[in-house]
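The structure appears right after this line, and notes come after that.
Protein chains in written order, with the working numbering: chain A, 1 to 279; chain B, 1 to 178.
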């Protein structure tokens, strides 16, 4: 039964799983997850379906040590650096990542939420080094361009994703992935889902506009100043590390982003017509 | 939509704007110093911790932070004065010959209360040492001295970097709590 489940994993062969490694590529950054345990590999495969790339050369490799099953923790993750090694810690996982050897170690229970958190932290650190970031935002592609819809919980990220018409490709309804490539900002699809409980599509495109969501009685786009945009953006960037140099890079990235990309406030009501404003 | 203000100057102005907002709303700000106008007391890269205070709190000898024309400046108060009917602080960089245009209450942001360099805390409460005064006097009159001092500083920081025992943030917090 277990073998049958393993063989059904899209893009991963039994031979791959014999070694226990699955390479998950999000935002063009492949991370090899070496769990050893076939059941956990199958869980990874299901959760990150569409983002698994066995041919990619891993940017970093995580070795997993599975702890007895436990509940995901509500506490904030603590992320710090000692020399070239990052340490991530939360009630439900411990991890370290040596940036020189590009190898890491994770101890966690075999639940997907802890794994999501470890991956988000690793990606947030990798992105920060190169001027990108993870953002609390839904994002979608339309006509080859990406649009981001940012806001705190309850602002309407999942709602705007649900209202998307058929010609829109959803990249995520929760965590947007932003990279700076050749002086251009691009958004990438992520498997990190919010209330929609549906992973995004593995696509990317140049970012046309970042909207900050506000629910209201009608649909309209309102301008905001660059300073307001920077303030709101900084509030919604996911960043976990207590590290002065990396904080400086994220701050610079946020300022650069709002100076380069269109940013506006999107007041919207719960009807599909709001997407007429997103072109 | 935002209007795109893509130049480096505009981005720097935005950073200053945000920094001033953080200082005014939270009462504190930490930032990395740039420039050589305060050597040897402040070197480029030093982390300065500033507490938001009114101009009336400034005393001669304090290093204060002010903002003018979208840039921040941390210089030493040489005199508290009345300028065009308002309280003002006359400031000057230790390594600069001329005083700045008097700083008004609107421009005044706060007082530098801590400094961390290469992971080590520098006590700003003490008056500058004789050696420091001599170096700043020489730097005021010679760019060669300034360049030499900067080179020596880089070397000392490089040699001392392995001795850093705990993060700079914690050092500043420690100073604040005492």
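The C-beta atom is built at its ideal place from N, Cα and C for all residues, glycine as well.
Between the alpha carbons of residue 45 of chain B and residue 23 of chain B lies a gap of roughly 19 Å.
A distance below 8 Å between beta-carbons, with the five flanking residues on each side excluded, links residue 127 of chain B to the following residues of its chain, in chain order: 61. Annotation: residue 67 of chain A to residue 56 of chain A spans about 28 Å, alpha carbon to alpha carbon.
Per the DSSP secondary-structure output, residue 181 of chain A pairs in a beta bridge with A:184.
Here the alpha carbon of residue 34 of chain A sits roughly 20 Å from the alpha carbon of residue 27 of chain A. Residue pairing of residue 30 of chain A in beta bridges, as defined by DSSP: A:25. Chain A has a Cβ within less than 8 Å of the Cβ of residue 11 of chain B. Within the same chain, Cβ atoms closer than 7 Å to the Cβ of residue 56 of chain B are found at 87, the five residues on either side in sequence being excluded. Listed along the chain, the chain A residues whose CB falls inside 9 Å of the CB of residue 28 of chain B amount to none; the nearest CB is some 15 Å away.
Listed in chain order, the non-local C-beta contacts of residue 220 of chain A below 6 Å within the same chain comprise 267, local neighbours out to five positions each way being set aside.
In the DSSP assignment, residue 105 of chain A forms a beta bridge with A:63, A:96. Beta-carbon to beta-carbon, residue 79 of chain A and residue 241 of chain A are separated by about 4 Å, close enough to satisfy the 8 Å threshold. Taking a beta-carbon distance threshold of 8 Å, residue 99 of chain A does not count as an interface residue toward chain B.
Under a 10 Å Cβ-count criterion, residue 115 of chain A is classified as buried, with 16 or more other Cβ atoms of the shown protein chains found around its own Cβ.
Interface with chain B (8 Å Cβ-Cβ cutoff): residue 184 of chain A is excluded. An exposed status is given to residue 223 of chain A, since fewer than 16 other beta-carbon atoms sit within 10 Å of its beta-carbon. Close partners of residue 231 of chain A in chain B (Cβ separation under 8 Å): 18, 21. Collapsing the DSSP output to three states places residue 112 of chain A in a helix. In the three-state reduction of the DSSP assignment, residue 260 of chain A falls in the helix class, which pools H, G and I.
Nearest to residue 100 of chain B by C-alpha distance, out of B:112, B:47, B:72, B:157, is B:72.
Approximately 12 Å separates the beta-carbon atoms of residue 39 of chain B and residue 131 of chain B; this is outside 8 Å, ruling out the contact.
Identification of chain A residues near residue 15 of chain B by a Cβ-Cβ cut-off of 9 Å yields 230, 251, 252, 255, ordered along the chain. About 7 Å separates the Cβ atoms of residue 122 of chain A and residue 60 of chain A, confirming a contact at the 8 Å cut-off.
Counted as a single uninterrupted DSSP element, the alpha helix (DSSP H) harbouring residue 41 of chain A occupies residues 38-47. If the five residues before and after residue 195 of chain A are omitted, its C-beta is found closer than 6 Å to the C-beta atoms of 158, all from its own chain and listed in chain order. Between residue 239 of chain A and residue 178 of chain A, the beta carbon gap of about 12 Å keeps them out of contact (Cβ cut-off 8 Å). Per DSSP, the unbroken beta strand (DSSP E) holding residue 171 of chain A starts and ends at 169-172. By the beta-carbon neighbour count (other beta carbons within 10 angstroms, threshold 16), residue 152 of chain B is exposed. In summary, residue 108 of chain A is buried, with 16 or more beta-carbon neighbours lying within 10 Å of its beta-carbon over all protein chains present.
For residue 66 of chain B, same chain residues with a beta-carbon under 6 Å away, outside a window of 5 residues either side, are 73, 103, 107, 108, 109 in chain order. In the three-state scheme derived from DSSP, where H, G and I count as helix and E and B as strand, residue 248 of chain A is classed as helix. Counted as a single uninterrupted DSSP element, the stretch harbouring residue 226 of chain A is not any beta strand (DSSP E) but the alpha helix (DSSP H) occupying residues 226-236. Measuring C-alpha to C-alpha distances from residue 32 of chain A to each of A:43, A:62, A:39 identifies A:62 as the nearest.
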